[in-house]
Amino acid sequence: MAALTRTAARAAGTLASAARVPVWLAGIAGADKSFAKNPILGSPTLNRLGLHAARVQLAARMAEQRRARMAPLVDPADRAAFDRDGIVIKRDFLDPETFRALKDEIFGRRFAARELRQGQAVQRMVPLGRDTLPGLPQLSALVSHPALRGLTYYAASRAGEPVYYLQTVVAEPDGPNDPQTALHADTFHATTKGWFFLHDVAEEEGPFVYVPGSHRLTPERLAWERAQSVAARGHANSHHAAGSFRIREEDLPGLGYGAPVRVAVPANTLVIADTFGFHARAPSLRASTRVTVHTYIRRNPFLPWTGLDPKALPGLRGRELALYLGFQDLKRRLTGRGAPWRPVGPVTVDAPAQV
Numbered sequence: 001m002a003a004l005t006r007t008a009a010r011a012a013g014t015l016a017s018a019a020r021v022p023v024w025l026a027g028i029a030g031a032d033k034s035f036a037k038n039p040i041l042g043s044p045t046l047n048r049l050g051l052h053a054a055r056v057q058l059a060a061r062m063a064e065q066r067r068a069r070m071a072p073l074v075d076p077a078d079r080a081a082f083d084r085d086g087i088v089i090k091r092d093f094l095d096p097e098t099f100r101a102l103k104d105e106i107f108g109r110r111f112a113a114r115e116l117r118q119g120q121a122v123q124r125m126v127p128l129g130r131d132t133l134p135g136l137p138q139l140s141a142l143v144s145h146p147a148l149r150g151l152t153y154y155a156a157s158r159a160g161e162p163v164y165y166l167q168t169v170v171a172e173p174d175g176p177n178d179p180q181t182a183l184h185a186d187t188f189h190a191t192t193k194g195w196f197f198l199h200d201v202a203e204e205e206g207p208f209v210y211v212p213g214s215h216r217l218t219p220e221r222l223a224w225e226r227a228q229s230v231a232a233r234g235h236a237n238s239h240h241a242a243g244s245f246r247i248r249e250e251d252l253p254g255l256g257y258g259a260p261v262r263v264a265v266p267a268n269t270l271v272i273a274d275t276f277g278f279h280a281r282a283p284s285l286r287a288s289t290r291v292t293v294h295t296y297i298r299r300n301p302f303l304p305w306t307g308l309d310p311k312a313l314p315g316l317r318g319r320e321l322a323l324y325l326g327f328q329d330l331k332r333r334l335t336g337r338g339a340p341w342r343p344v345g346p347v348t349v350d351a352p353a354q355v
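Under the numbering used here, the first residue of the sequence shown is numbered 1, with each subsequent residue one higher.
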């Protein structure tokens, strides 16, 4: 009887896997990055034959073509800086009066928030979308700013509707290791993250770290990507296995890159980066809290067009993050598994960590 049960279970598992093959194949043609979750993407044999390397190379070529068409959206000096470094840093982004009004609108107000603890750092998220922004005119003006939008689109190599949220990082130096302090690439293709800083960030307060030029696909980087892909599925680091490859600083020269740079900046600075480039959050040497307006775009890297974003359609525009979090909440209630962001109720953006 037990043998029959095991046989039936194996047969059911085989059928379930067969049913998922079309989904896995569709993921290969899209933005899927996890070697652990997609067994086709994670196949050592296919990656020895060049599956992952081909995706990386094609995605880089498509991003270059899309960016060429989006060049008029970006100031020539900013475009030159990005093309060289993969990151743009714009100090004094808003005029002083507008910046003061923005801070007055944000600080002291209580927002429905979520938090995530990763080692010594707690991140707080306040989604910004169509249900929130109408009551926040200064924030609405910032996320619609043509320079911010243009740089976000260019870095992502895709126009569309970015995700925006208020992000607070509460650093507790005595806590365990933060996985985001390891140099890594977010995924295998061009994608953007941006931060508009509402606080000064000092060198010792865990600033953003970026490897200039690492958004460019050198022959050495392509060979490294291929080598990583062969063993990624079984990698001990779950982030690496999920397609966010980690790298040691001493390995950067071998890929044609220089040393990481700490982005310690004053308040009222906008930073936009392509996070295919290697980056990290530096360990904080003292307790600190910083608040930013965070933006990102990540889309299918193989589509030739720059717009036509379904997430910008009526009913979806400004709701991507809220819908994602709602789905994850439902998944957690049904299965016990879901996104690790925990609701913490209404809090001010600079309140102490709640989790």
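Here a beta-carbon is modelled for each residue, glycine too, at the ideal position from N, C-alpha and C.
Model, not experiment: these values are computed from the prediction.
Check	Outcome
Simplified DSSP state of residue 254, which is helix, strand or coil	helix
Residue from 76, 47, 301 and 173 with nearest C-alpha to residue 286	173
Classification of residue 232 by the beta-carbon crowding that lies within 10 angstroms, buried from 16 upward	buried
Enclosing alpha helix (DSSP H) for residue 288 [first to last residue]	No alpha helix (DSSP H) holds residue 288; the beta strand (DSSP E) holding it covers 288-297.
Three-pair Cβ contact test at 8 Å for the segment 277-297 versus the segment 190-199	yes
Best match in 343, 322, 271 and 327 for proximity to residue 165 [C-alpha to C-alpha]	322
Start-end ranges of the beta strand (DSSP E) lying completely within the segment 172-242, minimum 3 residues	192-197 and 208-210
Beta bridge counterpart(s) of residue 114 as assigned by DSSP	125 and 343
Segment contact flag, the segment 243-256 with the segment 67-83, C-beta cutoff 8 Å, min 3 pairs	no
Option nearest residue 292 by Cα separation, candidates 85, 143 and 59	143
Which listed residue (114, 167 and 132) has its alpha carbon closest to that of residue 295	167
Best match in 224, 246 and 210 for proximity to residue 258 [C-alpha to C-alpha]	210
Helix, strand or coil at residue 166 according to DSSP, with G and I counted as helix	strand
Residue of 189, 104 and 347 minimising C-alpha distance to residue 300	189
Euclidean distance between Cα positions of residue 183 and residue 280	5 Å
Residues of its chain near residue 99, where Cβ-Cβ distance is below 6 Å and the 5 sequence neighbours each way are ignored	268
For residue 84: DSSP bridge partner residues	In the DSSP output, where bridge partners are listed per residue, residue 84 has none listed.
Cβ neighbour criterion (16 or more within 10 Å) applied to residue 238	exposed
DSSP beta-bridge partners of residue 274	192
Sufficient close CB pairs (3 or more, under 8 Å) joining the segment 309-322 to the segment 72-84	no
Contact set for residue 312: own chain, Cβ-Cβ below 7 Å, skip 5 residues either direction	160 and 161
Residues near residue 89 by beta carbon distance below 7 Å, same chain, minus five either side	263, 265, 269 and 271
DSSP beta-bridge partners of residue 279	184 and 210
Every unbroken alpha helix (DSSP H) inside the segment 136-163 [4 residues or more]	137-143 and 146-156
Supposed close pair residue 278, residue 185 - CB separation, criterion 8 Å	6 Å
Residue nearest to residue 79 in terms of C-alpha spacing, selected from 147, 61, 329 and 124	147
Assigned secondary structure, residue 130 (DSSP; H/G/I helix, E/B strand, else coil)	coil
Where residue 109 falls: helix, strand or coil (DSSP)	coil
Beta-carbon contacts of residue 224 that lie in its chain and below 7 Å, excluding the five residues immediately before and after	255
From 324, 218 and 145, residue whose alpha carbon lies closest to that of residue 93	145
For residue 37, the three-state DSSP class (helix, strand or coil)	coil
Residue burial classification, residue 335 (beta-carbon count within 10 angstroms, cutoff 16)	exposed
contact_flag[the segment 124-132, the segment 23-32] where n(CB pairs < 8 Å) is 3 or more	no
Distance between residue 50 and residue 44 (C-alpha atoms, nearest Å)	10 Å
Start and end residues, alpha helix (DSSP H) containing residue 56	51-70
Contact set for residue 229: own chain, Cβ-Cβ below 6 Å, skip 5 residues either direction	47 and 52
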